[in-house]
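Chains as they are written, first to last, in the numbering used here: chain A, 1374 to 1517; chain B, 1374 to 1517; chain C, 1374 to 1517; chain D, 1374 to 1517.
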């Protein structure tokens, strides 16, 4: 199962509502469970550099079925995944990317947010996910 | 001047309305006048391979301020611009990409559509542009 | 608003004057507010490896509207933006890249300098920016 | 021997003078004999897509020590070098790139021009080369 366009629009609308509420200017990307872009919105005045980061956060979250910040803990110097960012055309492993998991525990896509502090990016991504389901994935099977 | 998010959403909504009317499944991208992605929607059941083509068509249209199909006429074997597609990280030079020009004759961005025949792609892109202005650029000045 | 060619030439001339004054050999790049290259000069005897660094510093500064060195503080191991350099085709996050902000507080582009110590790179970039305005950006709105 | 910064500035100034004379808006790049960028100017209102094309034309001319248009004749379908554009990170093989050869017959760099018809691009590149020498290369040795 993949996130539908209607799903993606709902998640982005909620994310942007949250972004406005906390006075930030965000790029918001939604990918499907194959890590292919489904929808993207760049708010006016958002950093141009956040376009690619938002998309890469969404892809990273779906590539490994976990929040980007979790991967970042494992990719620090000396940690097991040091340098993983060099794979898959470039990953972003700090917070702001979250899997989107439906009511059956199936990962249907992911959301990626960039444009402010990583705390704000994460909060806006969370708001987007909550429009559709959760970001908590059961162990397996989780792929659509 | 750049296309706003409100502009981009209006253009994409009109494009998708047209795509549904002619029973097609499209990817629609809008970039600003610096060729940076502003918004993107992939309709359900659209080709995954059309994501990149739609984005590259929009970028190509803004890179040269003209419909992508015009460039394609010039890039055929034996024609003056043969091989131009190798520039700028890859161009798409068949129809489906159009500049978006405001009422003052300023290019504020471009739209790119992919997912069906080039005739249909072009028709859907045209519908998107008409939500905002025209795709006819005066000679100069045209850059924001 | 974008930096004009006249602006870019003035900034580069000042930067190179400063580079000569402190006996360094620099690459100097100016990009517009869409991060697209406007002008570039490589002084004789400057490192060939500095070409790409100067351009990437200028792009990085405009991508996030801040001095490259500020991003570098946040991208260290354990810091919030660790690994951000993997985005946008490669960022450079040590000093030497600065936004160019006009008298209305609008970011019209950025300058990137590479070829010596980061202190010297930063000093030369600063001289270039001062030919046109400042590198201090108001909170918002700042995009052209 | 490499083109100096003074050389590159002189070539670009002449090229831009010619561009203005024929009412065009050009990107002009000069590379040294190692195909590394020496200087670049984008005139106001020039196509953003011409940045990369001008640089690639200059590189292509120095890569093979001949005008880009000569390579283009050989890279047509059925011709000996069909597809050569896929090498070296992307070549541009239509007119507008010319080697710069000094009075001793040594290739010291190349110029690349993009922004108008290939005839105009070639005329502007020629004007730039004439500020420094010729674009006619003796058989060999020609490398610096």
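No residue lacks a Cβ here, since even glycine has one placed at the ideal position from N, Cα and C.
| Check | Outcome |
| --- | --- |
| Helix, strand or coil at residue 1512(D) [DSSP, three-state] | coil |
| Short CB-CB distance (under 8 Å) between residue 1439(A) and chain B | no |
| Cβ-Cβ distance between residue 1467(A) and residue 1455(C) below 8 Å | yes |
| Per-residue burial, residue 1452(D) [other beta carbons within 10 Å of its own, 16 or more giving buried] | exposed |
| First through last residue of the alpha helix (DSSP H) which encompasses residue 1487(B) | Residue 1487(B) -> not in any alpha helix (DSSP H); beta strand (DSSP E) instead, spanning 1480–1487. |
| Nearest-angstrom Cα separation, counted from residue 1508(A) out to residue 1469(A) | 12 Å |
| C-beta atoms of residue 1405(B) and residue 1424(A) nearer than 8 Å | no |
| Cβ of residue 1412(D) within 8 Å of any chain C Cβ | yes |
| Residues near residue 1432(A) by beta carbon distance below 6 Å, same chain, minus five either side | 1404, 1408 |
| Residues, ordered as in the chain, of the stretch 1454–1470 of chain C that lie near chain A by beta-carbon distance below 9 Å | 1454, 1455, 1456, 1457, 1458, 1459, 1460, 1461, 1462, 1463, 1464 |
| Three or more C-beta pairs below 8 Å linking the stretch 1493–1503 of chain B and the stretch 1380–1398 of chain B | yes |
| As assigned by DSSP and simplified to three states, the class of residue 1517(B) | Model confidence at residue 1517(B) stands at a pLDDT of 45, short of 50, so the residue's coordinates are unreliable and nothing is read from them. |
| Rounded C-alpha distance that separates residue 1315(D) from residue 1444(D) | With chain D running from 1374 to 1517 in the structure shown, residue 1315(D) is simply not present. |
| Among 1414(D), 1471(D), 1380(D), 1384(D), the one whose alpha carbon lies nearest that of residue 1510(D) | 1471(D) |
| Residue closest to residue 1440(A), alpha-carbon to alpha-carbon, out of 1465(A), 1422(A), 1419(A) | 1465(A) |
| Cβ of residue 1409(C) within 8 Å of any chain B Cβ | yes |
| Within 8 Å, strictly: CB atoms of residue 1402(D) and residue 1478(D) | no |
| Cutoff 8 Å: residue 1517(C) Cβ touching any chain D Cβ | Confidence at residue 1517(C) is low in this model, with a pLDDT of 46, below 50, so the placement of that residue should be treated as unreliable; the coordinate-derived value is given next. For residue 1517(C), the answer is no, since every Cβ of chain D falls outside 8 Å of its Cβ. |
| Buried or exposed by the 16-neighbour rule on C-beta atoms within 10 Å, applied to residue 1461(A) | exposed |
| Secondary structure of residue 1447(A), DSSP reduced to three states | helix |
| Through-space distance from residue 1417(B) to residue 1400(C), alpha-carbon basis | 48 Å |
| In DSSP terms, what residue 1403(D) is bridged to | 1412(D), 1484(D) |
| Exposed unless 16 or more other CB atoms sit within 10 angstroms - verdict on residue 1458(A) | buried |
| Buried/exposed call for residue 1490(B), threshold 16 Cβ in 10 Å | exposed |
| Collapsed DSSP secondary structure at residue 1470(B) in the structure displayed | strand |
| is_contact[residue 1421(A), chain C] using C-beta, thresh 8 Å | yes |
| Contact set between residue 1484(C) and chain D, taken where Cβ atoms lie within less than 7 Å | Chain D residues near residue 1484(C): none, gap ~14 Å exceeds 7 Å. |
| Chain A residues whose Cβ lies nearer than 7 Å to that of residue 1450(C) | 1449, 1450 |
| Where the alpha helix (DSSP H) containing residue 1394(D) begins and where it ends | 1378–1394 |
| Contacting residues, own chain, Cβ-Cβ under 7 Å from residue 1493(C) (five flanking each side not counted) | 1395, 1397 |
| Cross-chain neighbours of residue 1480(D) in chain C, by beta carbon under 9 Å | What residue 1480(D) touches in chain C: nothing, since even the nearest Cβ is about 17 Å away. |
| Rounded C-alpha distance that separates residue 1488(B) from residue 1487(A) | 28 Å |
| Listed by chain order, chain C residues near residue 1377(D) by CB distance under 9 Å | 1417 |
| Residue 1512(A) versus 1474(A), 1413(A), 1502(A), residue with shortest Cα-Cα distance | 1474(A) |
| Under 8 Å between C-beta atoms of residue 1446(C) and residue 1415(D) | no |
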